[in-house]
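What follows is a short report on a single structure.
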Amino acid sequence: AAPADRQPPAPGPARAATAQGLAAALVARSAAGARPAVDQDRTRVQRPGAPGQPRPLPVEEAARLVARGSGEA
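Each residue of the sequence shown is one higher than the last, beginning at 1 in UniProt numbering.
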């Protein structure tokens with residue numbers, strides 16, 4: 001059983017705000033020139049941190065962007 005202090009994501013507006021925040025974070029990353037770690041031809045996955053590849057977004061930075069996008073920060 002799941003711990004009592006962990007609640008599932010709230011349905012409705014809270015979930016929509018989180019989805020909006022995630023979308024905003026992805027748009028912000030795209031605008032900053034970050035590319036997914038997958039080649040254009042989709043035949044091989046590049047390791048994050050390989051030469052010429054953007055560094056993966058840290059979890060803390062992603063959480064901050066999501067919180068800002070959803071109006072929680």
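Yeah, the Cβ is synthetic: ideal placement off N, Cα and C, and Gly gets one too.
Beta-carbon proximity of residue i to residue j, cut-off 7 Å
i: Leu-65; j: Ala-25; result: yes
i: Ala-17; j: Ser-70; result: yes
Exposure label - residue i; buried when at least 16 CB within 10 Å
i: Ser-30; result: exposed
Residue range of the unbroken alpha helix (DSSP H) whose run includes residue i
i: Asp-57; result: Reading the sequence as shown, one finds Leu at residue 57 and not Asp. Here Leu-57 belongs to no alpha helix (DSSP H), and DSSP marks it neither H nor E.
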